[in-house]
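Undergrad:
In this note's numbering, the protein residues as written are 19 to 240.
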């Protein structure tokens, strides 16, 4: 209760809320851990749910659990753009996600995303949108091919967020195309100790990626 009260105090818009169902739902997610409680509060504020005078806690929890499930099926693909190899990787990721969603099956289906494809009808700061998409995704695929600095930054952001939230492991899958020239595929030392999905042919990527996605989205609670 004290942690839930702290969240209310930290968000001025919540201080005037008189909905007991909202408070009960917040306590529910706070007991599940700080990350879910924080995401719940942001969802409540973004959708103006705190302005509702009366609601059922069980219904709020049911709705938001579905929101979490949908967000958990989003896959943020961190990659350099405008390169033939990585553009091909993106197309492969799209096809494999569609196949896994049908074969497992997954409902809602997997939804690969990249920031340059995102459109919501508004103008937004690219960096802010990237961090928002990373925070809300169920898995980040980091394409280390070409050693792109932005990809390293985005991977680092997810790893830092994971550590800050007290989560045991990052929702991260690293891939590397070993068919590119050696100087372009070198992995910086800070990621060399992490397992990577390495491949030389698109067929290898398809086979290995499919196994990884099936394992991640069926053997975990995402």
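Glycine residues also receive a C-beta, built at the ideal position from the N, C-alpha and C atoms.
For residue 190 versus residue 214, is the C-beta distance shorter than 8 Å?
TA: No, the Cβ-Cβ distance between residue 190 and residue 214 is not below 8 Å.
Undergrad: Just checking, does the region 158-169 make contact with the region 94-106 on the three C-beta pairs under 8 Å criterion?
TA: Cβ pair count under 8 Å is three or more, so yes.
Undergrad: Leaving out five residues on either side along the sequence, give the residues of the same chain with a beta carbon under 6 Å from the beta carbon of residue 180.
TA: The residues are 188.
Undergrad: Taking the alpha-carbon of residue 194 as reference, which of 131, 76, 216 and 146 has the nearest alpha-carbon?
TA: Nearest of 131, 76, 216 and 146 to residue 194, Cα basis: 216.
Undergrad: Does the CB of residue 111 have a neighbour CB from chain D at under 8 Å?
TA: Reference to chain D is not applicable here, since this structure consists of a single protein chain.
Undergrad: Just reading off the alpha helix (DSSP H) that residue 120 is part of, what are its end residues?
TA: Unbroken alpha helix (DSSP H) run through residue 120: 102-121.
Undergrad: At the level of alpha carbons, what is the spacing between residue 122 and residue 234?
TA: Roughly 12 Å separates the two Cα atoms.
Undergrad: Buried or exposed, going by whether 16 or more other CB atoms sit within 10 Å of the CB of residue 219?
TA: That one is exposed.
Undergrad: Are residue 152 and residue 130 closer than 8 Å when you measure CB to CB?
TA: Against a cut-off of 8 Å, the Cβ pair of residue 130 and residue 152 comes out as no contact.
Undergrad: Cutting at 8 Å between CB atoms, please list the residues of its own chain near residue 118, excluding the five before and the five after it.
TA: Within the same chain, residue 118 has close Cβ partners 124, 128, 228, 231, 232 and 235.
Undergrad: If you reduce the DSSP assignment to three classes, tell me which class residue 195 lands in.
TA: Three-state result, residue 195: strand.
Undergrad: Is it true that the CB of residue 43 sits closer than 8 Å to the CB of residue 64?
TA: Not a contact, by the Cβ cut-off of 8 Å.
Undergrad: By the DSSP assignment, the beta strand (DSSP E) with residue 90 in it spans what residues?
TA: Per DSSP, residue 90 belongs to no beta strand (DSSP E); it is in the alpha helix (DSSP H), 75-90.
Undergrad: According to the Cβ coordinates, are residue 73 and residue 37 closer than 8 Å?
TA: Yes, Cβ-Cβ distance for residue 73 and residue 37 is below 8 Å.
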